[in-house]
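Before any comments, here is the structure.
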Amino acid sequence: MDSSDTVLRAITDDGSFRVIALETTSTVRDAVEAQKPEPTLRRTFSEFLTGAILVRESMSPDLRVQCILQGDDGRSRIVADAHPDGTTRGLMQLAGGATTFSVEEKGVMQVARTLNNGSLHQGIVSVAGQGGIAGAFMAYMQTSEQITTMIAVGTHLVDGQITAAGGYLVQILPGFAEGPLMLMTERLKDFQDIGPLLARGSGSPKTLLAEIFFGLDYSLVGERKIAFGCNCSSTRLAASLATLPRADIESLLIDKRMLEIECEFCRKEYRFSPEQLRGMLDSN
Ligand SMILES: [Zn+2]
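For any residue, its number in my numbering is found by taking its place in the sequence shown, counting from 1, and adding 78.
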């Protein structure tokens, strides 16, 4: 993996809290490079990917998690697709003519997990007016998963370029009263906006853990690498082409040229010859 991004998991020694802290600088930088959102949208896009990775690490580290955030216009959306191998890819899809993306009035978050038996677990919640990306993920965790979770995500940009990105998630573990949670909530008020930490190079997962757990005994329980990555392949694209209606494949054959298709996530180009397309017709 060509990335120095990591996720750390830690638990307080009294078993009351768990924290997942991560750096996503390379991951979101590569995703932005592939999607090329306008500079004004890079923060939102990056923070959404960071939030999706946090949710995956928290709810189902062994499963694929796809998050879709639908904007106020009802048509623009951001997609994050996080895989158990630690790779994540994203899509920024703006409705025709849209130049902004917000979830303050009609935002909807959809989170889908592919379970080991192949079935899909899906949650859809309104995230309107929850205070941006972190608020949207917290609303999802509370409403759909019923776990009180504090989430912070941040991206530091200099001249439109991402120089640091990351975030954390704090959860109180079952069996503990709301009391400690109140104290933790109070403590985290200072860290809800991790932008300043990222800006001065103090946003590493280790530093975030030390800040969140200041004065508490805790133990690291896991560490893993994460990176941008796309699992597209010629075989996968061919398989989805083959599901097109016969007439559509026939129309692709009319001009007898190579068909060029770009992966919408990573922008890699794939080419299919008329012979390959004809082969799909035969098996269609
Ligand atoms: Zn791809």
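Positions of the beta carbon are idealized from the N, C-alpha and C atoms, including for glycine.
Since the structure is predicted, the reported quantities are computational estimates derived from the model, not experimental observations.
Collapsed DSSP secondary structure at residue i in the structure displayed
i	result
residue 316	helix
residue 151	coil
residue 132	helix
residue 329	helix
residue 290	helix
residue 181	coil
residue 202	strand
residue 264	helix
residue 226	coil
residue 297	strand
Assigned exposure category for residue i - 16 Cβ within 10 Å defines buried
i	result
residue 200	exposed
residue 287	buried
residue 127	buried
residue 122	buried
Contact test: residue i Cβ vs ligand 1 heavy atom, cutoff 6 Å
i	result
residue 343	yes
residue 308	yes
residue 303	no
residue 346	yes
Rounded C-alpha distance that separates residue i from residue j
i	j	result
residue 223	residue 277	32 Å
residue 327	residue 251	53 Å
residue 99	residue 319	39 Å
residue 212	residue 231	6 Å
residue 102	residue 305	8 Å
residue 322	residue 148	26 Å
residue 298	residue 311	36 Å
residue 316	residue 169	21 Å
residue 172	residue 245	25 Å
residue 118	residue 179	9 Å
residue 356	residue 348	17 Å
residue 350	residue 314	12 Å
residue 111	residue 92	43 Å
Other residues of its chain near residue i: CB distance less than 6 Å, five sequence neighbours each side excluded
i	result
residue 191	138, 141, 143, 199
residue 205	181, 185, 187, 214, 217
Same chain, Cβ closer than 8 Å to residue i, neighbours up to 5 away in sequence not counted
i	result
residue 94	250, 251, 254, 258
residue 132	98, 100, 215, 229, 231, 245, 246, 247
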